[in-house]
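Below is one structure, written out as C-alpha cells; the observations come after it.
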Amino acid sequence: MPKIERALLSVTDKTGLLPFAQRLHSLGVELISTGGTAKLLRDNQIPVREVADVTGFPEMLDGRVKTIHPRIAGGILAIRDNPEHMQALAEHDIPPIQMVVVNLYQFAKFANKPGVTREELIENIDIGGPTMIRAAAKNFQDVAIVVAPEQYEPLMAELAQNGGALTASTHWHLAQQAFLHTAAYDGVVSKTLLGLDAGAEELPATLQISAPRAMVLRYGENPHQEAALYKTGDTGIAGAEQLHGKELSYNNLVDLDAAWLLVQEFSGPAAAIIKHTNPCGCAEQTTQVEAYRKALEADPISAFGGVLAFNRELDKETATEVAKLFVEAIAAPSFAADALSILTAKKNLRLVKVKALAKPELVIKSITGGLLAQTADSVTLVEAELQVKTARKPTEEEMRALLFAWKVCKHVKSNAIVYAHAGQSVSVGAGQMSRVDSAKFGAMKAVLPLKGTVVASDAFFPFPDGLEEAARHGVTAAIQPGGSVKDDDVIAAANRLNMAMVFTGVRHFRH
64 MPKIERALLS VTDKTGLLPF AQRLHSLGVE LISTGGTAKL LRDNQIPVRE
114 VADVTGFPEM LDGRVKTIHP RIAGGILAIR DNPEHMQALA EHDIPPIQMV
164 VVNLYQFAKF ANKPGVTREE LIENIDIGGP TMIRAAAKNF QDVAIVVAPE
214 QYEPLMAELA QNGGALTAST HWHLAQQAFL HTAAYDGVVS KTLLGLDAGA
264 EELPATLQIS APRAMVLRYG ENPHQEAALY KTGDTGIAGA EQLHGKELSY
314 NNLVDLDAAW LLVQEFSGPA AAIIKHTNPC GCAEQTTQVE AYRKALEADP
364 ISAFGGVLAF NRELDKETAT EVAKLFVEAI AAPSFAADAL SILTAKKNLR
414 LVKVKALAKP ELVIKSITGG LLAQTADSVT LVEAELQVKT ARKPTEEEMR
464 ALLFAWKVCK HVKSNAIVYA HAGQSVSVGA GQMSRVDSAK FGAMKAVLPL
514 KGTVVASDAF FPFPDGLEEA ARHGVTAAIQ PGGSVKDDDV IAAANRLNMA
564 MVFTGVRHFR H
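In the working numbering, the protein residues as written are 64 to 574.
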C-alpha cells in the first residue's frame with residue numbers, strides 16, 4: 064500500500080472539504096488545487112500549491128483551460144511500476160499525483176433554473192473535471208479518485224489506520240464509483256441538450272437512465288427477492304423524506320406511489336386508501352377529516368393494513384381518526400406538529416413527506432430483454448367535451464359523481480369498475496379478466512348501498528351485460544370511453560334501463 068504523497072483537489076461542492084484537506088495535510092500530503100478550491104484552502108490556513116505553478120501555464124479562456132495539461136495528466140496517468148512511465152515523468156519534471164478529489168459543475172441544478180439559455184448551459188458543462196476523473200479511474204491501481212463528499216469520512220479513517228495509504232480494494236471501489244459518476248453526468252448533459260430543440264421527442268431514440276441507489280430494501284415483493292430503491296430526483300415517493308416508522312418495504316413504496324398519484328387528481332381535500340395498488344377507498348370533501356371518513360367507510364375491512372395518502376398537510380383531527388386504524392404508511396405534503404405527535408406514538412407507522420412532481424415523467428417497465436416506456440397518463444377530462452349518448456342526460460349531481468368516479472377509475476387495475484357518489488368511491492371491481500366480472504365483483508364487495516350511485520369503466524363495455532349488472536344494483540348513470548362495435552347495443556340497454564351515459568373518448572387501462 065504506497066503512501067499518498069500528492070493530491071489534486073478541485074471541487075464544486077465544497078461540503079466537508081476542509082476537514083478532509085486538513086487531514087491530508089496532517090499526513091504530509093502535498094495539496095494541489097485550482098481557483099475557488101485553492102482560495103478556500105488558503106483562507107483556512109491549509110497550505111496549497113496552485114495548478115498554474117505545476118503546469119507553468121496560467122488558467123485561460125475564462126477558466127476553460129486549467130487542468131488539461133501534460134504536467135497534470137501525466138502525473139495522474141503514469142503507471143508507477145512501469146519504468147518507461149517513471150522515466151518520462153523524471154525527464155519532464157512531472158510530479159506524480161496519487162489522489163484526485165474532483166466533483167463536477169452542478170449541471171442538473173443549473174439546468175432547472177427558470178429561463179436558462181442554451182449558451183448558459185453549454186458554459187456550465189464541465190470538461191477538465193471529467194477528464195481528470197476518468198484519467199484517475201483508469202489508473203486506479205496507483206491513483207485514488209474521490210468524487211463525492213460522503214466518501215471523505217471513511218477515507219480519512221482508512222488513511223489514519225494505514226499511515227496515509229489506501230488498500231487496493233478501496234482504489235478499485237473508488238474507480239467504479241467514479242465511472243458511474245461521469246456516466247451519470249454525461250447522461251444528464253445529453254438528455255438536457257436534446258430536450259432544448261423545439262419538437263423534441265418525448266420518447267427519445269436512446270433511453271438514458273441513471274439513478275443512484277438510495278436504499279437497499281430488506282427484500283422485494285417476497286422475502287426471497289432482493290430489492291433496492293434507485294432515485295432519479297428529489298420529488299415523488301422515491302424522493303420523499305421519511306419522518307417516522309420502520310424502514311419502507313418494496314410493497315410499501317409501490318402502494319405509496321399509487322396512493323400519492325391518486326390524491327394528486329383532486330383540487331379539494333382528498334384521501335386515498337390503497338391495498339395492493341388498488342384504491343379500496345377514495346374521497347374528496349370540504350374537509351380533510353371528512354374525506355378520510357368517507358374513504359374509510361367504503362371498505363373498512365380492506366383498509367386494515369393499507370397505505371394512505373392525502374393531498375394536504377395532515378391535520379390533528381384527521382390524524383386522530385387515522386390513529387384508530389392499523390395502517391402501514393401515510394404520504395402527505397407535510398404533517399402538522401400535533402398530527403405528528405399523535406401518529407408517532409405508533410412505533411412502526413411509516414410517515415413520508417412528499418414533494419409533488421413538477422411535471423409527469425416517463426413511465427418505464429422492464430420486460431425480458433428490454434424496457435417499455437410511455438408518457439404519463441395525464442389527460443385531463445373536460446366536462447364540456449363529454450358526449451351524452453343516452454336519451455336522459457345526467458343530473459348535476461350525477462355529473463359530479465361521474466367526473467369523480469372517472470378520476471378514481473384511472474388508478475384502478477384493469478379491468479376497472481368504480482361505483483361512486485359525488486366525492487366518494489363506494490366500491491371497486493379491479494383486475495378481473497372480464498368487465499362484467501369486475502362489475503359483479505365491485506357489487507359483491509360493496510359495504511355501502513349501491514342504489515343511486517354511478518359507475519365508471521376504464522375501457523368500453525364490450526357488451527351490455529356489464530352495464531346491466533350495474534343497473535341491477537341501482538346504478539343510475541355511467542361513464543366510459545366508448546368505441547366498441549357494440550356501442551349501439553350498450554346505449555340501447557342504458558336507454559331501456561333509464562340510465563344516463565356519457566362517453567369520454569379516452570381509455571385508462573392500467574396493467
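Just so it is clear, CB atoms sit at the ideal spot from N, CA and C, and this is done for glycine as well.
As the structure is a computational prediction, the values presented were derived from the model and not from experiment.
Proximity below 8 Å, CB of residue i to CB of residue j
i      : j      : result
Thr516 : Val489 : yes
His474 : Leu324 : yes
Asp205 : Gln161 : yes
Ala322 : Leu371 : yes
Phe572 : Gly545 : no
Gly227 : Val385 : no
Phe467 : Ala485 : yes
Ile95  : Leu80  : no
Arg413 : Ala392 : yes
Ala141 : Met149 : yes
Leu316 : Leu292 : yes
Ala231 : Ile208 : no
Ile554 : Trp469 : no
Range of the contiguous beta strand (DSSP E) that encloses residue i
i      : result
Tyr355 : Taken as a continuous stretch (DSSP letters only), Tyr355 belongs to no beta strand (DSSP E), being part of the alpha helix (DSSP H) at Gln351 to Ala361.
Leu434 : Gly433 to Gln437
Lys514 : Here Lys514 belongs to no beta strand (DSSP E), and DSSP marks it neither H nor E.
Asn341 : Asn341 to Glu347
Ile542 : Ala540 to Gln543
Glu391 : Val390 to Ala395
Met496 : Per DSSP, Met496 belongs to no beta strand (DSSP E) and is neither H nor E.
Gln169 : Per DSSP, Gln169 belongs to no beta strand (DSSP E) and is neither H nor E.
Ser441 : Premise fails: Ser441 is in no beta strand (DSSP E) and is neither H nor E.
Contact belief for residue i with residue j at Cβ below 8 Å, rounded distance in angstroms
i      : j      : result
Lys416 : Phe398 : 7 Å
Met564 : Ala534 : So it is not a contact: roughly 11 Å between Cβ atoms.
Gly369 : Ile405 : Contact doesn't hold; Cβ gap of about 18 Å is too wide.
Pro332 : Gln348 : 6 Å
Pro527 : Ser547 : Contact flag wrong, Cβ pair sits at about 10 Å.
His536 : Ala557 : Incorrect: roughly 15 Å between the Cβ atoms, too far for contact.
His639 : Pro110 : In the structure as shown, the chain begins at 64 and stops at 574. Residue 639 is therefore absent and cannot be evaluated.
Enclosing alpha helix (DSSP H) for residue i [first to last residue]
i      : result
Phe83  : Leu80 to Ser89
Gly99  : Gly98 to Asp106
Gln150 : Pro146 to Glu154
Gly137 : Pro133 to Leu140
Leu406 : Ala400 to Leu406
Three-state class that DSSP yields for residue i in the structure shown
i      : result
Phe572 : coil
Gln450 : strand
Phe526 : coil
Phe504 : helix
Gly369 : strand
Glu424 : coil
Arg455 : coil
Arg559 : helix
Ile157 : coil
Leu466 : helix
Arg143 : coil
Glu376 : coil
Ile480 : strand
Val475 : coil
Threshold first: 4 residues or longer. Then list the alpha helix (DSSP H) segments lying entirely within the region 173 to 258, N to C. 181 to 186, 191 to 201, 215 to 224 and 231 to 257
May I have a chain-ordered list of the alpha helix (DSSP H) segments no shorter than 4 residues that lie completely inside the region 258 to 339? 313 to 326
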